[in-house]
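Colleague:
In my numbering, the protein residues as written are 173 to 567.
Structure below.
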């Protein structure tokens, strides 16, 4: 089945079906967040989402009439309650980690004086965010984003009538500086990379524009050796555990597999010959590691893994790139920088932005798989260019 998306969709694709998240009001007035699925298209799921939202608001208003909300609650108490009992119940662990930092390390320490939620206005929040923004370049933007979520739900819950955050000063999200190497610089990078154990991963970042987590999540089964394609269907990400009431302190880290970042990130890409050749070499190396592991090898079919089969840490590829660039005297490059250079190559070749979005798996594309045929056709020219221009000087 072809998957489809709409801009700013409230739905997401999972396990061959469209889903949306919805809120269910419990008897005690708490809110439970659940998934509802089985929809054939994103439009069906979006309609169901709107219907569920309307039903929830109606039920919540009825509950409020019967159980008057405490409008005397203080801002600090509300923010902690909202974060721990509402926000944290519906987000992934990494999002919770960022939210915990915003609440406990950026916002709460800057509360010069606490007031009741119903007295909070734009002037109070502007002064608060001005102090928050001094912490880091992105603190103002993230602090305002979290406060907006908290106050939107304060309106729904009946603590206040309007959201004061909408009238506050916006803070721009700082754009990361990305280095783009020249063709000669890329050749230098690839020559040095070909002498390291990270050559395949660097090629995947530069020639396929894959995200770091997508590279680490790739398995041999994802590659079609006859068609020279790879299917992106997962990523390896961190799973930070934060206990309730412990602020932003992380109890433990783990690496887990998750679906790609957006529905559009499920994609099939054509793969240059040089990557397929390196993939075969990597397969030989991993088979050798298995044979010499004395039964301790953890076989999950990853193409990028440690000698025991376990995935690399999320920082390992960037550390390797830093060493390679330093050795060559090149500017510092990250995995995101490789992805950015891939997009730059496509732009310079005149590939339409909509196709570039499909290749990169960005969420801004209106449809996902409808562009695959066009992307494949365009990739023939891209592959020819890459195979000729970016092969290392020596192999």
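Virtual Cβ for every residue (Gly too), placed ideally from N, Cα, C. In this text the structure is predicted, and so the values were computed from the model without any measurement.
1) In three-state DSSP terms, what is residue 343?
2) Can you say whether residue 354 is buried or exposed, counting buried as having 16 or more other CB atoms within 10 angstroms of its CB?
3) When burial is assigned at 16 or more other CB atoms within 10 Å of the CB, is residue 612 buried or exposed?
4) Using a Cβ-Cβ cutoff of less than 7 Å, which residues in the same chain neighbour residue 275 once the five nearest sequence positions on both sides are dropped?
5) Report yes if the CB atom of residue 153 is closer than 8 Å to the CB atom of residue 409, and no otherwise.
6) For residue 369, count neighbouring C-beta atoms within 10 Å of its own C-beta (all shown protein chains included) and say buried if the count is 16 or more, exposed if not.
7) Using CA coordinates, which residue listed in 249, 199, 224, 374 is at the minimum distance from residue 207?
8) Keeping to the same chain, check which residues put their C-beta closer than 6 Å to that of residue 277; ignore five residues upstream and five downstream.
9) May I have the straight-line CA-CA distance separating residue 472 from residue 431, to the nearest angstrom?
10) Tell me, to the nearest whole angstrom, how far the beta carbon of residue 375 is from that of residue 458; I am working on the premise that it is less than 8 Å.
11) Mind pulling the alpha helix (DSSP H) runs of 4 or more residues that sit fully within the stretch 376 to 440?
12) Can you list the beta strand (DSSP E) stretches of 3 or more residues lying completely in the stretch 456 to 540, in chain order?
13) Between 263, 531, 384, 386, which lies nearest to residue 440 when the distance is taken from Cα to Cα?
14) Span of the beta strand (DSSP E) holding residue 145?
15) Tell me where the alpha helix (DSSP H) around residue 302 begins and ends.
16) With three or more beta-carbon pairs closer than 8 Å as the criterion, would you say the stretch 502 to 510 touches the stretch 473 to 488?
17) How is residue 265 classed by DSSP in three states: helix, strand or coil?
18) Mind checking whether residue 303 and residue 340 have CB atoms under 8 Å apart?
19) Excluding sequence positions up to five away, which residues of its chain have a Cβ less than 8 Å from the Cβ of residue 425?
20) If you drop the 5 nearest sequence neighbours on each side, which residues of the same chain put their C-beta closer than 8 Å to that of residue 257?
21) Between 288, 283, 289, 287, which has its C-alpha nearest residue 301's C-alpha?
22) Between residue 460 and residue 196, what straight-line distance do the alpha-carbon atoms span, to the nearest angstrom?
23) Name the residue from 384, 513, 481, 292 whose alpha carbon lies nearest to the alpha carbon of residue 464.
24) If you draw a straight line from the C-alpha of residue 536 to the C-alpha of residue 357, how long is it?
25) From the DSSP output, which residues share a beta bridge with residue 190?
Modeller: According to the structure shown:
1) By 1-based counting over the chain shown, the position of residue 343 is 171. Note: residue 343 maps to coil in three-state DSSP.
2) Stepping through the chain shown from its first residue, residue 354 is reached at position 182. Residue 354 is exposed by the Cβ-count criterion.
3) Here the chain has residues from 173 to 567 only, and residue 612 is not among them.
4) For this step, residue 275 is matched to residue 103 along the chain shown. Hits under 7 Å: 251, 255, 318.
5) Past the boundaries of the shown model lies residue 153; the chain is included only from 173 to 567, so the question cannot be answered.
6) Here residue 369 refers to the residue found at position 197 of the chain shown. That one is exposed.
7) The residue labelled residue 207 in the question sits at position 35 within the chain shown. Out of 249, 199, 224, 374, 224 has the C-alpha closest to the C-alpha of residue 207.
8) Counted from its first residue, the chain shown places residue 277 at position 105. Cβ neighbours of residue 277 beyond the five flanking positions: 420.
9) Stepping through the chain shown from its first residue, residue 472 is reached at position 300. Stepping through the chain shown from its first residue, residue 431 is reached at position 259. If you take the alpha carbons of residue 472 and residue 431, they lie about 16 Å apart.
10) Residue numbering aside, residue 375 sits at position 203 when the chain shown is read from its first letter. Residue numbering aside, residue 458 sits at position 286 when the chain shown is read from its first letter. Contact flag wrong, Cβ pair sits at about 17 Å.
11) 384 to 389
12) none
13) If you number the chain shown from 1, residue 440 lands on position 268. Among 263, 531, 384, 386, the Cα nearest to that of residue 440 is on 531.
14) An answer regarding residue 145 cannot be provided, because it is not within the stretch 173 to 567 covered by the chain.
15) Mapped onto the chain shown, residue 302 falls at position 130. That run of the alpha helix (DSSP H) goes 294 to 304.
16) no
17) Taking the first residue of the chain shown as position 1, residue 265 is located at position 93. Reduced to three states, the DSSP call for residue 265 is helix.
18) Sequence index remark: in the chain shown, residue 303 carries index 131 (1-based). Sequence index remark: in the chain shown, residue 340 carries index 168 (1-based). It is not a contact, given that the beta carbons lie outside the stated cut-off.
19) On the chain shown, residue 425 is found 253 positions in, with the first residue counted as 1. If we look at residue 425 and ignore the five residues flanking it on each side, its Cβ neighbours are 410, 411, 412, 413.
20) Looking up residue 257 in the chain shown gives position 85. Hits under 8 Å: 202.
21) As a first step, residue 301 must be located in the chain shown, where it is residue number 129. When only C-alpha atoms are compared, the closest one is 283.
22) Locating residue 460 in the chain shown gives position 288, counting from the first residue. Locating residue 196 in the chain shown gives position 24, counting from the first residue. So the two alpha carbons sit approximately 53 Å from each other.
23) Along the chain shown, one-based indexing puts residue 464 at 292. Ranking the options by Cα distance to residue 464, first place goes to 481.
24) As a first step, residue 536 must be located in the chain shown, where it is residue number 364. As a first step, residue 357 must be located in the chain shown, where it is residue number 185. Summary for residue 536: the model assigns pLDDT 48, below 50, so the residue's position carries little reliability, and this model does not support an answer.
25) Along the chain shown, read from residue 1 onward, the residue named residue 190 stands at position 18. 185, 211, per the DSSP bridge assignment.
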